[in-house]
Ligand code: ADP
Ligand code: ZN
Ligand code: ZN
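Pasting the structure below:
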């Protein structure tokens with residue numbers, strides 16, 4: 031037999047299919063195999079098997095090895111990978127990577143064994159100590175430790191008593207070692223007793239509507255706390271009962287443990303978690319549990335849409351408006367698009383849920399493309415918390431230079447003295463956003479990027495939030511040598527420090543990218559907060575979404591208008607969404623909630639719509655602006671981003687691309703709403719200069735996209751790269 035194989039090579043620009051021969055009948059389309067390639071052996075995916083080859087039979091080489099008995103790809107995921115390659119304009123090899131846990135490639139992780147040490151059963155403890163040399167103190171300690179504590183991880187023993195001592199004791203037969211397969215169960219111990227609730231009438235209506243509609247996609251517009259999660263659980267239950275599987279997506283890794291907890295409570299171990307924060311081994315095990323059908327519910331962030339489940343019955347995308355559902359690196363896919371493919375393939379339903387739907391989704395609901403469900407009230411009929419605007423311009427005039435308004439401080443006092451909890455939100459990690467010289471005004475910048483550096487007090491360094499570069503904190507201006515430096519813009523680290531000064535007794539935790547680096551970092555912080563071992567949680571947008579803490583009665587939003595000033599057509603939408611989301615964390619249970627929203631632009635209409643929770647008013651205005659200005663969802667934004675370490679070369683390539691694309695522009699003039707060539711907003715990133723050709727084209731013109739792609743591909747050479755992006759989440 032012969033197999034068509036796509037080899038896993040990083041820089042294979044083209045998708046050549048290579049033929050190999052095989053005899054092993056376990057090899058099928060979707061299998062991962064090891065094949066000879068040039069002088070090396072590489073991994074590849076079988077995309078097709080056949081009885082006769084196209085290539086010269088004599089020269090076809092055989093498959094060397096079948097990597098796993100169960101094919102990594104199903105018929106569906108193979109088809110989906112082709113769809114991704116075609117619609118995202120990437121190679122098949124690259125599209126495959128979305129589907130496999132990275133550690134599976136190159137065989138980095140297989141089953142995991144852990145070595146344990148214990149005292150030999152052949153000798154008594156007295157016999158062992160008697161035969162140990164008097165000078166072998168470390169060996170004696172190790173042996174005594176085992177006598178007291180019993181079976182212990184070998185690695186721990188070696189760390190504690192030294193490798194040579196422990197090895198010597200093993201060699202002499204005093205310590206015996208056994209290998210045990212370690213079960214990697216992420217978030218073990220979070221299982222809870224299931225507490226099924228009876229659905230409210232509204233919830234039942236929603237479930238029925240989703241099950242009975244002939245539309246693939248349903249949009250639930252439900253305020254925070256309206257019981258969307260319970261609807262999701264019910265739908266998943268229904269899918270499982272019909273013998274199908276489910277995919278449940280949340281926007282942030284931080285939210286996956288919480289969702290997993292609810293799913294485990296309800297469905298036990300058939301829920302599996304897929305996310306990048308797990309250890310390599312855990313991810314591998316969870317992936318295989320899903321692939322083999324042992325687990326039936328995949329939960330995770332964006333990338334879990336590629337979960338290896340078969341026969342999916344329901345796909346749920348919670349907080350569907352969230353920007354994280356669009357991938358920012360190649361393959362640049364939109365999660366909803368992938369979900370649609372899978373839903374159509376399996377006859378499944380998709381549910382999008384949000385308290386602030388994206389204007390794009392809401393338009394589709396309005397047009398009747400989506401089934402529409404509205405949940406205007408919270409389950410407990412509690413009103414949404416009052417949002418008070420604090421005018422920070424007035425605060426400054428009054429001489430208040432702290433990050434907190436008087437209103438927020440007094441609310442905090444009341445909240446804490448009542449034994450309640452508060453969440454303080456701001457979208458800036460670090461201590462100060464910038465470091466500025468007061469003499470010459472110079473702002474410290476990254477050497478590799480055209481962006482300012484953020485001061486991180488904890489490790490006294492300046493960090494570039496774009497490339498991750500770390501610099502030593504300066505003591506004098508690098509331009510003029512002045513020692514008079516000032517901090518510009520407040521970050522979470524500083525907020526914690528200032529809060530601690532104001533409330534010395536309060537227990538404060540910070541949740542941002544810096545404090546959640548470790549695998550279960552999010553989970554630990556949130557658990558502490560949930561257990562009320564913490565009074566104030568300070569954080570970035572990680573604290574904004576989804577969490578349900580009954581004792582939170584106050585939310586402070588420190589920089590509500592920050593995102594308003596971004597030059598991005600979605601900035602109003604994002605601001606509105608963010609305020610609604612963060613505010614929704616307050617007053618979820620019996621206690622009334624309160625929100626203080628600090629701003630330097632208190633008259634802004636978006637803020638006023640947000641404090642009234644007037645989504646529909648916001649939407650009506652926003653959609654008419656988008657229509658009038660020909661922005662998405664009425665057009666697609668298409669960008670060709672050109673980057674290169676050599677500014678001149680990158681610019682030349684950009685100009686060449688621009689003039690080629692001009693031909694397409696001329697041909698399809700009536701479909702173009704904008705066509706221009708310019709520097710990218712961030713001119714330099716990671717040592718590369720950036721230029722762009724920016725276009726706005728009538729919605730859904732894949733044909734034009736394809737032509738554009740056809741023209742630019744050849745410019746990827748000589749240190750210059752040119753990408754095609756459609757509706758990128760980030761227009762930096
Ligand atoms: P959302 O996801 O819309 O923000 P949740 O699903 O988290 O809302 O529900 C808010 C609260 O209401 C949760 O504490 C949840 O346990 C509770 N809840 C949801 N549905 C019901 C129900 N049918 N009966 C009683 N409590 C419910
Ligand atoms: Zn200076
Ligand atoms: Zn940088």
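Residue numbers (our numbering): 31 to 762. We treat Cβ as the ideally placed atom computed from N, Cα and C, and that holds for glycine. Values in this document were obtained by computation on a predicted structure and should not be read as measured data.
Q: Answer with yes or no whether the minimum CB distance from residue 390 to chain D is below 8 Å.
A: No chain D appears in this structure, which consists of one protein chain only.
Q) What span of residues does the beta strand (DSSP E) with residue 476 cover, start to end? A) Numbered from 1 along the chain shown, position 446 holds the residue referred to as residue 476. Segment: none, residue 476 is in no beta strand (DSSP E) and carries neither H nor E.
Q) Are residue 123 and residue 57 closer than 8 Å when you measure CB to CB? A) Along the chain shown, one-based indexing puts residue 123 at 93. Along the chain shown, one-based indexing puts residue 57 at 27. The answer is no: Cβ separation not under 8 Å.
Q. Assuming residue 237 contacts residue 261 under a Cβ cut-off of 8 Å, what Cβ separation, rounded to an integer in Å, is found between them?
A. Residue numbering aside, residue 237 sits at position 207 when the chain shown is read from its first letter. Residue numbering aside, residue 261 sits at position 231 when the chain shown is read from its first letter. That pair is a contact at about 6 Å.
Q) Going by the beta-carbon positions, is the gap between residue 741 and residue 690 smaller than 8 Å? A) On the chain shown, residue 741 is found 711 positions in, with the first residue counted as 1. On the chain shown, residue 690 is found 660 positions in, with the first residue counted as 1. Yes, the pair counts as a contact, with Cβ atoms nearer than the cut-off.
Q.
Would you say the beta carbon of residue 740 is closer than 7 Å to some non-hydrogen atom of ligand 1?
A. Within the chain shown, the letter at position 710 stands for residue 740. Outside the cutoff, so no.
Q: Pull up the CB-CB distance for residue 169 and residue 145, whole angstroms please, since I reckon it's below 8 Å.
A: As a position in the chain shown, residue 169 is number 139, starting the count at 1. As a position in the chain shown, residue 145 is number 115, starting the count at 1. Incorrect: roughly 18 Å between the Cβ atoms, too far for contact.
Q. Mapping DSSP to helix, strand and coil, what is residue 286?
A. Counting from 1 along the chain shown, the entry for residue 286 is found at position 256. DSSP places residue 286 in helix when its eight states are reduced to three.
Q) Cβ of residue 497 versus every heavy atom of ligand 2: is any distance shorter than 7 Å? A) Taking the first residue of the chain shown as position 1, residue 497 is located at position 467. Residue 497 Cβ: outside cutoff for every heavy atom of ligand 2.
(Q) Per DSSP, what are the beta-bridge partners of residue 25 in this structure? (A) Absent from the model: residue 25. The displayed extent of the chain is 31 to 762, so no value can be given.
Q: Compute the Euclidean distance between the alpha carbons of residue 765 and residue 612, then round it to the nearest angstrom.
A: Shown here, the chain extends from 31 to 762; a query on residue 765 therefore has no answer.
Q: Determine, using beta carbons only, whether residue 297 and residue 442 come nearer to each other than 8 Å.
A: Indexing the chain shown from 1 puts residue 297 at position 267. Indexing the chain shown from 1 puts residue 442 at position 412. Not closer than 8 Å, so no.
Q) What separation, rounded to the nearest whole angstrom, lies between the Cα atoms of residue 221 and residue 641? A) Counting from one through the chain shown, the residue named residue 221 turns up at place 191. Counting from one through the chain shown, the residue named residue 641 turns up at place 611. In this prediction, residue 221 has a pLDDT of 48, which is less than 50 and means its spatial position is unreliable; what the coordinates show is noted afterwards. C-alpha separation (whole angstroms): 37 Å.
**Q.** Backbone secondary structure at residue 107 - three-state DSSP
**A.** Within the chain shown, residue 107 is the residue found at index 77, counting from 1. Helix.
Q | Helix, strand or coil at residue 470 according to DSSP, with G and I counted as helix | A | In the chain shown, counting from the first residue as 1, residue 470 sits at position 440. Here residue 470 sits in coil by DSSP.
Q: Report whether the distance from the Cβ of residue 678 to the nearest heavy atom of ligand 2 is below 7 Å.
A: The residue labelled residue 678 in the question sits at position 648 within the chain shown. No.
Q. Less than 7 Å between the CB of residue 609 and some heavy atom of ligand 1, yes or no?
A. As a first step, residue 609 is located in the chain shown; it is residue number 579 there, counting from the start. For ligand 1, not one heavy atom lies less than 7 Å from the Cβ of residue 609.
Q. If we ignore side chains and look at the alpha-carbon of each, how far apart do residue 513 and residue 468 end up?
A. As a working mapping, residue 513 is identified with position 483 in the chain shown. As a working mapping, residue 468 is identified with position 438 in the chain shown. When rounded, the distance between both Cα atoms is 9 Å.
(Q) Please determine whether the Cβ atom of residue 478 lies at a distance below 7 Å from any heavy atom of ligand 3. (A) Your numbering for residue 478 matches position 448 in the chain shown. Yes, the Cβ of residue 478 comes within 7 Å of a heavy atom of ligand 3.
**Q.** Beta-carbon proximity check, residue 627 vs residue 566, cutoff 8 Å
**A.** As a position in the chain shown, residue 627 is number 597, starting the count at 1. As a position in the chain shown, residue 566 is number 536, starting the count at 1. Taking 8 Å as the Cβ cut-off, residue 627 and residue 566 do not qualify as a contacting pair.
Q. Along the chain, where does the beta strand (DSSP E) that runs through residue 401 open and close?
A. Numbered from its first residue, the chain shown carries residue 401 at position 371. Where residue 401 is concerned, the enclosing beta strand (DSSP E) stretches over 401 to 405.
**Q.** Endpoints, the beta strand (DSSP E) within which residue 78 is located
**A.** Position 48 of the chain shown holds residue 78. Residue 78 -> beta strand (DSSP E) spans 70 to 80.
Q: Rounded to whole angstroms, what's the CA-CA distance from residue 444 to residue 583? Just pull it up for me.
A: Counting from 1 along the chain shown, the entry for residue 444 is found at position 414. Counting from 1 along the chain shown, the entry for residue 583 is found at position 553. So the two alpha carbons sit approximately 10 Å from each other.
Q: With distances taken Cα to Cα, identify the nearest neighbour of residue 437 among 451, 585, 672 and 701.
A: Along the chain shown, read from residue 1 onward, the residue named residue 437 stands at position 407. Of the candidates 451, 585, 672 and 701, the one whose C-alpha sits nearest the C-alpha of residue 437 is 585.
**Q.** Reference residue 498; option with closest CA among 506, 507, 479 and 515
**A.** The residue labelled residue 498 in the question sits at position 468 within the chain shown. It is 479 whose Cα lies nearest to the Cα of residue 498.
Q. With DSSP run on the structure shown, which of helix, strand or coil describes residue 302?
A. Counted from its first residue, the chain shown places residue 302 at position 272. It is a strand residue.
Q. Can you give the Cα-Cα distance for residue 294 and residue 328, rounded to whole angstroms?
A. Residue numbering aside, residue 294 sits at position 264 when the chain shown is read from its first letter. Residue numbering aside, residue 328 sits at position 298 when the chain shown is read from its first letter. Residue 294 and residue 328: Cα-Cα distance of roughly 11 Å.
Q. Along the chain, where does the alpha helix (DSSP H) that runs through residue 655 open and close?
A. Working through the chain shown from its first residue, we reach residue 655 at position 625. That run of the alpha helix (DSSP H) goes 645 to 659.
Q | CB contact flag (residue 608, residue 574, <8 Å) | A | The sequence position of residue 608 within the chain shown is 578, counting from 1. The sequence position of residue 574 within the chain shown is 544, counting from 1. Yes. Within cutoff.
Q: In angstroms with no decimal places, state the Cα-to-Cα distance between residue 647 and residue 714.
A: Working through the chain shown from its first residue, we reach residue 647 at position 617. Working through the chain shown from its first residue, we reach residue 714 at position 684. Taking the straight line from one Cα to the other gives about 39 Å.
**Q.** For residue 84 and residue 49, believed in contact at Cβ under 8 Å, the rounded distance
**A.** Residue 49 sits at position 19 when you count from the first residue of the chain shown. Residue 84 sits at position 54 when you count from the first residue of the chain shown. Indeed they touch by this definition, with Cβ atoms about 7 Å apart.
Q. What whole-angstrom Cβ distance do residue 810 and residue 374 have, given they're in contact under 8 Å?
A. Residue 810 lies beyond the range of the chain shown here (31 to 762); nothing can be said about it.
Q. In whole angstroms, what is the alpha-carbon distance linking residue 738 and residue 694?
A. Along the chain shown, read from residue 1 onward, the residue named residue 738 stands at position 708. Along the chain shown, read from residue 1 onward, the residue named residue 694 stands at position 664. Each residue's Cα considered, the two are about 7 Å apart.
Q: State buried or exposed for residue 406, treating a residue as buried only when at least 16 other CB atoms are found within 10 Å of its CB.
A: The residue given as residue 406 occupies position 376 in the chain shown. Its Cβ having fewer than 16 others within 10 Å, residue 406 is exposed.
Q. Which residues in the same chain have their Cβ closer than 8 Å to the Cβ of residue 656, if we skip the five residues on either side of it in sequence?
A. If you number the chain shown from 1, residue 656 lands on position 626. Result list for residue 656: 389, 599, 662, 663 and 664, in chain order.
Q.
Relative to the C-alpha of residue 376, which candidate in 404, 397, 340 and 361 has its C-alpha closest?
A. Your numbering for residue 376 matches position 346 in the chain shown. Residue 340 is the option with its Cα nearest to residue 376.
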